[in-house]
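Working notes, beginning with the structure itself.
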Amino acid sequence: MLSLKDIKKDYVVGDSTVSALKGVSIDFRENEFVSILGPSGCGKTTLLNIIGGLDRYTSGDLNINGKSTKDFKDCDWDSYRNHSIGFVFQSYNLIPHQTVLSNVELALTLSGVSKSERRERAVKALEQVGLGDQLHKKPNQMSGGQMQRVAIARALVNEPDILLADEPTGALDTETSVQIMELLKSISKDKLIIMVTHNPELAMKYSSRIIKLLDGKVIDDSDPLDKNVVEPIKKPEKEPTKADKKAAKKERKKLKTSMSFLTALSLSRNNLMTKKARTLLTSFAGSIGIIGIALILSISNGVQLYIDQVQSDTLSSYPLQITKTTASIGEIMNTMAKNHEDSANHDKDKVYSQNAMGEMINTLMEETKVNNLEKFKKYLDDNSELKDLTSDVQYTYATTLNVFTESDSGVMQVNPSTLLEDMGYMSSTQMEAMSMSGSMGGMMGMGTDVWSEMIDNEELIDKQYDVIAGRLPEKYNEVVLVVDKNNEINDYVLYSLGLLDPSSLNGIVRRAMAGEDISVDSKQHVYTYDELLDLKFKVVPTPDFYKKKDGVWEDMTGDESYMKKAVANGTEISVVGILRPDEDASSASISGAIGYRHDLMTYLIDEVDNSEIVKEQIANPDIDVFTGLKFKTDENAADTDSSSETVSDSTADTESKADKTADSSDTDKKAGLVAGDSSMEIPEGMTEEQYKALMEQSGASDTGELADMGMNAMGSMDMSAIQGGDMSSLTETQKKYIASLSDEQMELMKQMLKEQSDTNADQLANSGKYSTSNYDNNMKTLGYSVVEDPDSINIYPVDFASKEKIIDIIDDYNDSVDEEDKIEYTDYVGLMMSSITSIINAISYVLIAFVAISLVVSSIMIGIITYISVLERTKEIGILRSIGASKRDISRVFNAETVIVGFVAGALGIIISYLLTIPINMIIAHLTDVPIRASIPVSAAVILIAISVCLTLIAGLFPSRVAAKKDPVIALRTE
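In our numbering, the protein residues as written are 10 to 984.
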């Protein structure tokens, strides 16, 4: 069964070698009680450790069941100790933080025995040694004899072939020693028991065989087996087959010991529970870094959630916009920057001009392109994926929405609004440019019009607005009025809609700039919901502004009676609801105070397209319907140039230009004089006395008042009526102004009008009698649009992820078409928000990097604590190795400990962070009105706990490796 042949064991101590065993050869029977006697230092324990596989012999051979152990690997020795050897130590060597039952079960866990069988066998072993009623006690709750019985039960539970007892009664009293020896003697009937003892009396009384050692040699054997002659191992008659080798390998694999990670966790958990305070403090120290990162992430997440909400709401106001004529701002800036860098190639000894304006104009011309929206619209309409990615795809057109209100005093234009122009704030050209910017989907946050098209997504509108009165529009001729979050409407809207008298603001800016004392109605006006829901407007198609006279179409907007009839015949628009922005909405999709449906614009386009003037212009594309003249084309341009050259030679032309310049200057002076502007120079032919007398006749208290009255009156006056003497078409203000003019002023006005008329006639005659307009301009003036060819496209993504997918769709379209059909779009939100998100992310990363230092430091500290634990549990390492635990198992035990500490640290950090977000949110709410709520995402919490576990695991790798490399013999001697 067990045979030692010429076993030698040497220890190297410094420069010298100590021989503990000097050629020991012993054969053992399968069941006998062998006692090894000898003085201290004779090699008894060394021999026992070699037999038990805890120590390695230097030379010789140890045969187990006829098999040599010379080629045994670590795993073979582990399996041998677990399945064939049971150790009983003098100091019991029980694991203090495990119960009696767990101590006994431990060897079975390494054997892979199931939990139910493991418990059954452990209980049976304890009952066998008389401890069936002590299963759940801890070792420190038992006497020495009881602990030794537990050690014997642990040694027997795996049913080993050999039981090794090292001074089993050395720490016991006489009575208990007898009990233990009787127990061992009864066991020896079925097993081989090898006991090392200093007590010859016990050996003589209970042993069946006594072997004496002295100075590492066997000096006596009371009952040798065949005079210590070891039978030679018979070689197999034939080489083992592949099947034999496979079966042997399978058997070795079956006997291989392995501790499950759950067992390692249980051991480490029980150990940590014996040091609760230290474990908690260590975990808290490790959680500091987690807390810091978690709080940064919570605030960053709160800000990001707020930004996402802002972005989501903002997407309804700032869509992806594609206009018919566009320019890439980014490309323009990049090109200009590159051109400037390329041009800066000169010495710095002088000052050089920089061609900024030229570069800007050239770049603008190069980067500006015309988008083929008709083709792109068809592509979008055919794209089935787009519907799920967008809240709405809005097509806008150049058709003007002309809205009027009717009152007893006449009609007032509501849209496009002329309020700022009437105030004298800006010119009509500036007003047109501003209206265009305001119509671009609200991109610039400005614009003069208070009417805007609603997004065609009722769900989004319900999310962004509360209907405080009435309902949402359901028909093309129904609109809603939008108030702010305080149920207020700013006075600009009230004046624009005619709820306040806009005439009270006429010329107010000019008067204020002239230094006059002015007053503006600052009273707060109150309106009931019913009053606002009773508002009615009229929409008039642009072609209705024209009337056909003498074969041409005449603009009748200056004819008050005509406009009253046109407005009366217009389409009535009713306010059916009042909306208020939701308190949680950070942005709104309706940019104006009046929101109308898209089908109102569709209706208006149909009305324009079916109008008589538009049909006539389409039928006669070469003739200007406003003048009856032909449009100038490339073919007739040469005739026009030729005829103009024959009018006069270069000298006469120069003299004519000089005369016209002088006439123009004099005419301007006369016009200023007619208007009462005293700052104008006195025209030729008029003395200073005549000029003063003329001013006195005007009846104005000062020149500012007269200038204001004159400019307001002349602004929309029908000059042809004055020339013809017909005053019926003039307004009361204009009639009053005409009546205030002196005879000299009237003559000057008529003279000025005649000169202007003659000039226009000359220009028409010398131009070849071609229209100064063209077909496209006329159609644009009439508001003509084709539904299939929009003026701009606004794409409203559902969210930012959808926006990226839509951009991919646009890119796919650009890849599939020719260069001239590629689409340039403007992503305002992307330009605004991407930089903000990048900045927040950058700040978060920097802060996390700083806090991560503390996390690393705490991980190193946990590694140090784990190393201390290794030192504290050194004896436990020896015990585990003695029952068959491998080096990997030992490493796994301490890795499990670091995993537990890391998990507790991470979980503790997350819990503390969640608690800290409560006061943090209170502070944020107190300091700012921005609805930012710090919150830790669940995924981030899980990741942080995982990071904590990983870092502590990494930090514990070195201590666990040290533990695995410890010599089990030395470990067992550690106290």
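Beta carbons: idealized from backbone N, C-alpha and C, even for Gly.
Treat the numbers as computed from the prediction; the structure is a model and nothing was measured.
Using only the alpha-carbon positions, how far apart do residue i and residue j sit?
{"i": "M268", "j": "R128", "result": "16 Å"}
{"i": "K124", "j": "L117", "result": "9 Å"}
{"i": "G451", "j": "D615", "result": "Unreliable positioning characterises G451 in this predicted model, as indicated by a pLDDT of 40, which lies under 50. The coordinate reading is nonetheless provided below. For G451 and D615, the distance between alpha carbons rounds to 25 Å."}
{"i": "I945", "j": "E833", "result": "40 Å"}
{"i": "R942", "j": "S120", "result": "54 Å"}
{"i": "L304", "j": "S111", "result": "42 Å"}
{"i": "I517", "j": "Y504", "result": "14 Å"}
{"i": "I527", "j": "S426", "result": "23 Å"}
{"i": "I874", "j": "P148", "result": "25 Å"}
{"i": "E487", "j": "Y605", "result": "7 Å"}
{"i": "I189", "j": "P48", "result": "22 Å"}
{"i": "G419", "j": "D820", "result": "53 Å"}
{"i": "V561", "j": "A597", "result": "46 Å"}
{"i": "D500", "j": "N466", "result": "29 Å"}
{"i": "R897", "j": "S25", "result": "32 Å"}
{"i": "N823", "j": "K831", "result": "5 Å"}
{"i": "Q330", "j": "I599", "result": "16 Å"}
{"i": "S825", "j": "T334", "result": "21 Å"}
{"i": "A934", "j": "V584", "result": "38 Å"}
{"i": "H607", "j": "I464", "result": "8 Å"}
{"i": "D87", "j": "G95", "result": "12 Å"}
{"i": "T457", "j": "N411", "result": "14 Å"}
Cβ atoms of residue j and residue i: under 8 Å apart, would you say?
{"i": "G62", "j": "Y20", "result": "no"}
{"i": "L234", "j": "D36", "result": "yes"}
{"i": "S77", "j": "I171", "result": "no"}
{"i": "R890", "j": "P977", "result": "yes"}
{"i": "T551", "j": "G311", "result": "no"}
{"i": "L57", "j": "D230", "result": "no"}
{"i": "L542", "j": "A478", "result": "yes"}
{"i": "L222", "j": "G32", "result": "no"}
{"i": "I101", "j": "Q137", "result": "The residue you asked about is not Ile; residue 101 is Tyr in the sequence shown. No. Outside cutoff."}
{"i": "F385", "j": "F546", "result": "no"}
{"i": "A294", "j": "M870", "result": "yes"}
{"i": "S44", "j": "M151", "result": "no"}
Report all residues from its chain with a CB closer than 6 Å to the CB of residue i; omit the five preceding and five following residues, and keep chain order.
{"i": "S217", "result": "E41 and F42"}
{"i": "N515", "result": "D431"}
{"i": "Q143", "result": "V109"}
So, at 8 Å on beta carbons, what are the nonlocal neighbours of residue i in its own chain, with the 5 sequence-adjacent residues on each side left out?
{"i": "K14", "result": "S34, G69, D70, L71, N72 and V239"}
{"i": "R970", "result": "S900"}
{"i": "E592", "result": "K494"}
{"i": "G23", "result": "none"}
{"i": "L281", "result": "T288, E906, I909 and V910"}
Could you pull out every residue in the same chain whose Cβ sits closer than 7 Å to the Cβ of residue i, ignoring the five residues on either side in sequence?
{"i": "A602", "result": "V459, L490, V491, I498 and V502"}
{"i": "V113", "result": "A131, A134, L135, V159, A162, R163 and V166"}
{"i": "Y406", "result": "M610, I614, S794, P799 and D800"}
{"i": "I857", "result": "I302 and I305"}
{"i": "N783", "result": "F640"}
{"i": "Q99", "result": "D175, E176, P177, G179 and A180"}
{"i": "S307", "result": "S922, T926, A943, S944 and I945"}
{"i": "N279", "result": "H106 and Q107"}
Since I believe residue j is in contact with residue i (beta carbons under 8 Å), could you give me their beta-carbon distance rounded to a whole number of angstroms?
{"i": "G918", "j": "V958", "result": "At roughly 12 Å, the Cβ-Cβ gap does not stay under 8 Å, so G918 and V958 are not in contact."}
{"i": "G887", "j": "A980", "result": "3 Å"}
{"i": "L398", "j": "I802", "result": "So it is not a contact: roughly 14 Å between Cβ atoms."}
{"i": "L638", "j": "K778", "result": "6 Å"}
{"i": "S868", "j": "T961", "result": "6 Å"}
{"i": "V902", "j": "S277", "result": "6 Å"}
{"i": "G524", "j": "M421", "result": "Not confirmed; about 30 Å, so no contact."}
{"i": "N787", "j": "V548", "result": "Wrong, their Cβ atoms sit about 22 Å apart, outside the cutoff."}
{"i": "L201", "j": "R38", "result": "7 Å"}
Tell me, please, whether the CB atom of residue i is closer than 8 Å to any CB atom in chain D?
{"i": "S583", "result": "The displayed structure is made up of one protein chain only, and chain D is not part of it."}
- Task: Ignoring anything shorter than 3 residues or poking outside the segment 78 to 159, list the beta strand (DSSP E) runs there in chain order.
- Result: 94 to 97
- Message: Which runs of the beta strand (DSSP E) at least 3 residues long sit entirely within the segment 261 to 335? Give them in chain order.
- Response: 329 to 332
- Run through the segment 444 to 532 for me and flag every whole alpha helix (DSSP H) of 4 or more residues, listed as ranges in chain order. 467 to 473, 500 to 505 and 517 to 522
- Query: Which whole runs of the alpha helix (DSSP H) in the segment 942 to 966 are 4 residues long or more, in chain order?
  - Reply: 947 to 964
- Which runs of the beta strand (DSSP E), 3 residues or longer, sit entirely within the segment 173 to 230? 201 to 205, 218 to 223 and 226 to 230
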